[in-house]
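Colleague: Numbering (the numbering used here), first residue to last: 62 to 387.
Below is one structure. I have some questions about it.
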């Protein structure tokens with residue numbers, strides 16, 4: 062028996078298997094082409110398939126196709142070089158153009174916008190100038206015997222309020238009962254009175270009776286505490302610190318505790334308490350002292366207190382140096 066007859070059946074199986082798998086591979090390629098190219102077109106010859114990484118299975122693994130093969134569209138089944146005319150007719154028939162566009166991506170607003178805070182109202186400008194007697198209708202004068210003379214012999218006694226007493230000091234101003242209240246027989250303290258009455262300006266002159274004790278610093282410290290209490294009781298008030306009136310040269314030269322050098326030191330400490338906003342320092346000595354910085358001897362009867370007819374010099378100085386209120 063011939064050898065091929067002996068192996069005929071096996072040879073037939075091999076040939077049949079080869080033909081079957083070849084046909085199956087071609088059929089699979091055809092199906093893939095139709096799925097990837099729904100718009101039709103002739104399937105090219107050879108191994109046209111692309112792997113997902115952009116390589117051809119017929120090339121060396123990992124070798125990318127030339128750029129011209131993937132340009133202009135980059136999808137399998139599309140020609141890599143299309144003319145403008147062919148691109149204009151790229152819309153496939155049967156696939157309607159709905160005009161759909163990607164919705165715009167909203168811009169990031171960043172931090173949440175906070176409402177702007179209202180700008181604070183500007184502080185009124187502080188101006189000093191001349192005023193008349195009616196300016197003092199809501200003013201209070203605190204002081205010792207010198208302030209008593211201002212209220213008794215000056216014109217302001219008929220306009221302003223005076224809480225003053227002979228021998229008064231900065232240490233006793235809130236402790237001494239010196240204020241007479243209408244309808245009451247007993248006097249009350251300044252602290253008590255200011256809890257019932259309101260003033261927009263407060264003028265203070267004290268210090269001549271304090272010359273015998275303490276230091277300029279301790280004196281100014283207590284003075285500042287008095288001002289702080291006044292601001293608690295009358296927060297709306299402008300406070301005027303009047304410098305301690307000096308004495309005549311003859312009185313200063315006596316050599317005791319009342320002397321102009323000590324007065325100047327205490328006035329310098331008092332001036333530091335002013336803030337230029339609610340507290341102001343006024344050096345009344347400019348109106349009653351001579352070129353040597355001492356009280357004019359003709360203005361006083363004892364070298365310390367002003368004569369009644371010169372009280373007006375003090376008053377005029379206060380009128381010329383007042384905070385102007387709009």
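Don't be surprised by glycine CBs; every beta carbon is placed ideally from N, CA and C.
It should be emphasised that the depicted structure is a prediction, and the values quoted were computed from it without experimental measurement.
(1) Run through the DSSP bridge pairs and tell me what residue 262 is partnered with.
(2) Would you call residue 202 buried or exposed, if buried means 16 or more other Cβ atoms sit within 10 Å of its Cβ?
(3) Run through the DSSP bridge pairs and tell me what residue 225 is partnered with.
(4) For residue 330, which option in 76, 378, 206 and 275 has the closest C-alpha, if you only look at C-alpha atoms?
(5) Looking at the strands, I want to know which residues DSSP matches up with residue 308.
(6) Can you name the start and end residues of the alpha helix (DSSP H) that residue 365 belongs to?
(7) Give the single residue among 196, 277, 315 and 314 whose Cα lies nearest to the Cα of residue 305.
(8) So what does DSSP say about residue 73, is it helix, strand or coil?
(9) Where do the ends of the alpha helix (DSSP H) carrying residue 284 lie?
(10) Which term fits residue 215, buried or exposed, when burial requires 16 or more other beta carbons within 10 angstroms of its beta carbon?
(11) Residue 364: which of 378, 326 and 309 sits nearest, CA to CA?
(12) Determine whether the beta carbon atoms of residue 54 and residue 267 lie at a separation below 9 Å.
(13) Pull up the DSSP beta-bridge partners for residue 189, would you.
(14) State the Cα-Cα distance for the pair residue 115 and residue 73, rounded to the nearest angstrom.
(15) If contacts are defined as beta-carbon pairs under 8 Å, then residue 238 and residue 250 qualify, I think. What distance do you get, rounded to the angstrom?
(16) So the candidates are 264, 299 and 191; which of them puts its Cα closest to the Cα of residue 223?
(17) By alpha-carbon positions, which one of 221, 219, 206 and 247 ends up nearest to residue 234?
(18) So residue 311 and residue 260 are in contact, right, with Cβ under 8 Å, and what is the actual spacing, rounded?
(19) Can you say whether residue 229 is buried or exposed, counting buried as having 16 or more other CB atoms within 10 angstroms of its CB?
(20) Is residue 292 closer than 9 Å to residue 345 when the C-beta atoms are compared?
(21) Give the C-beta separation of residue 285 and residue 334 to the nearest angstrom, bearing in mind that I take them to be a contact with Cβ-Cβ under 8 Å.
(22) Can you tell me whether residue 371 is helix, strand or coil according to DSSP?
(23) If you draw a straight line from the alpha carbon of residue 315 to that of residue 372, how long is it in whole angstroms?
(24) Keeping to the same chain, check which residues put their C-beta closer than 8 Å to that of residue 227; ignore five residues upstream and five downstream.
(25) Take the Cβ of residue 289 as the centre, count every other Cβ of all protein chains shown within 10 Å, and call the residue buried at 16 or more, exposed below.
(26) Look at the alpha carbon of residue 147 and the alpha carbon of residue 176, and state the distance between them as a whole number of angstroms.
(27) Measure the alpha-carbon distance for residue 375 versus residue 244 and round it to whole angstroms.
(28) Do residue 380 and residue 188 have their C-beta atoms within less than 9 Å of each other?
(29) What's the C-alpha gap between residue 349 and residue 258?
(30) Go to residue 220, then tell me how far its alpha helix (DSSP H) extends in each direction, as first and last residue.
(31) Taking buried to mean at least 16 other C-beta atoms within 10 Å of its own C-beta, is residue 313 buried or exposed?
(32) Could you give the DSSP three-state label for residue 378: helix, strand or coil?
(33) Rounded C-beta distance between residue 217 and residue 194? I'm assuming under 8 Å.
Modeller: According to the data block:
(1) For the purposes of this step, residue 262 is taken as the residue at position 201 of the chain shown. 200 and 299.
(2) Locating residue 202 in the chain shown gives position 141, counting from the first residue. Counting Cβ neighbours within 10 Å, residue 202 comes out buried, since at least 16 surround it.
(3) Taking the chain shown and counting its residues from 1, the one referred to as residue 225 is at position 164. Looking at the DSSP assignment, residue 225 forms a beta bridge with 204.
(4) Here the question's residue 330 lines up with position 269 in the chain shown. The option with the nearest alpha carbon to residue 330 is 275.
(5) Numbered from 1 along the chain shown, position 247 holds the residue referred to as residue 308. Note: residue 308 sits in no beta bridge, so no partner.
(6) Counting from one through the chain shown, the residue named residue 365 turns up at place 304. Unbroken run through residue 365: none, as it is neither H nor E.
(7) Here the question's residue 305 lines up with position 244 in the chain shown. The option with the nearest alpha carbon to residue 305 is 277.
(8) To locate residue 73, count along the chain shown from 1; it is residue 12. In this structure, residue 73 counts as helix in the three-state DSSP scheme.
(9) Numbered from 1 along the chain shown, position 223 holds the residue referred to as residue 284. For residue 284, the enclosing alpha helix (DSSP H) has its first and last residue at 277-294.
(10) Walking along the chain shown from the start, residue 215 turns up at place 154. Per the 10 Å Cβ criterion, buried.
(11) Mapped onto the chain shown, residue 364 falls at position 303. Nearest of 378, 326 and 309 to residue 364, Cα basis: 309.
(12) Past the boundaries of the shown model lies residue 54; the chain is included only from 62 to 387, so the question cannot be answered.
(13) Here residue 189 refers to the residue found at position 128 when the chain shown is read from its first residue. Paired residues: 384.
(14) In the chain shown, residue 115 corresponds to position 54, counting from 1. In the chain shown, residue 73 corresponds to position 12, counting from 1. Bear in mind that the predicted position of residue 115 carries a pLDDT of just 45, short of 50, making it unreliable; the figure below should be weighed with that in mind. Their Cα atoms are separated by approximately 40 Å.
(15) In the chain shown, residue 238 corresponds to position 177, counting from 1. In the chain shown, residue 250 corresponds to position 189, counting from 1. Contact holds; Cβ gap of about 5 Å.
(16) Within the chain shown, the letter at position 162 stands for residue 223. It is 264.
(17) For this step, residue 234 is matched to residue 173 along the chain shown. For residue 234, the nearest C-alpha among the options comes from 206.
(18) In the chain shown, counting from the first residue as 1, residue 311 sits at position 250. In the chain shown, counting from the first residue as 1, residue 260 sits at position 199. Their Cβ separation, rounded to whole angstroms, is 38 Å, which puts residue 311 and residue 260 out of contact at 8 Å.
(19) Counting from one through the chain shown, the residue named residue 229 turns up at place 168. Classification of residue 229: buried, given that the 10 Å Cβ count is 16 or more.
(20) Position 284 of the chain shown, counted from the start, is the residue given in the question as residue 345. Position 231 of the chain shown, counted from the start, is the residue given in the question as residue 292. Result no, Cβ atoms of residue 345 and residue 292 do not sit closer than 9 Å.
(21) In the chain shown, counting from the first residue as 1, residue 285 sits at position 224. In the chain shown, counting from the first residue as 1, residue 334 sits at position 273. Indeed they touch by this definition, with Cβ atoms about 5 Å apart.
(22) Position 310 of the chain shown holds residue 371. Three-state DSSP puts residue 371 in a helix.
(23) Taking the first residue of the chain shown as position 1, residue 315 is located at position 254. Taking the first residue of the chain shown as position 1, residue 372 is located at position 311. Those two C-alpha atoms are separated by around 25 Å.
(24) To locate residue 227, count along the chain shown from 1; it is residue 166. The residues are 205, 206 and 209.
(25) Position 228 of the chain shown holds residue 289. Flag for residue 289 reads exposed.
(26) Reading the chain shown from its first residue, position 86 is the one you call residue 147. Reading the chain shown from its first residue, position 115 is the one you call residue 176. With a pLDDT of 45 at residue 147, under the threshold of 50, the modelled position of that residue is not reliable, and the figure given next carries that caveat. The alpha-carbon atoms of residue 147 and residue 176 are separated by roughly 56 Å.
(27) Against the chain shown, residue 375 aligns to sequence position 314. Against the chain shown, residue 244 aligns to sequence position 183. Spanning the two alpha carbons is a distance of roughly 33 Å.
(28) Within the chain shown, residue 380 is the residue found at index 319, counting from 1. Within the chain shown, residue 188 is the residue found at index 127, counting from 1. It is not a contact, given that the beta carbons lie outside the stated cut-off.
(29) Here the question's residue 349 lines up with position 288 in the chain shown. Here the question's residue 258 lines up with position 197 in the chain shown. Cα-Cα distance, rounded: 32 Å.
(30) What you label residue 220 is simply residue 159 of the chain shown in a count that begins at 1. Looking at the DSSP string, residue 220 is not in any alpha helix (DSSP H), and its letter there is neither H nor E.
(31) Sequence index remark: in the chain shown, residue 313 carries index 252 (1-based). By the neighbour-count criterion, in which 16 or more other beta carbons inside 10 Å mark a residue as buried, residue 313 falls on the buried side.
(32) Along the chain shown, read from residue 1 onward, the residue named residue 378 stands at position 317. It is helical.
(33) In the chain shown, the residue the question calls residue 217 occupies position 156. In the chain shown, the residue the question calls residue 194 occupies position 133. Cβ atoms of residue 217 and residue 194 come within 8 Å of each other, at about 7 Å.
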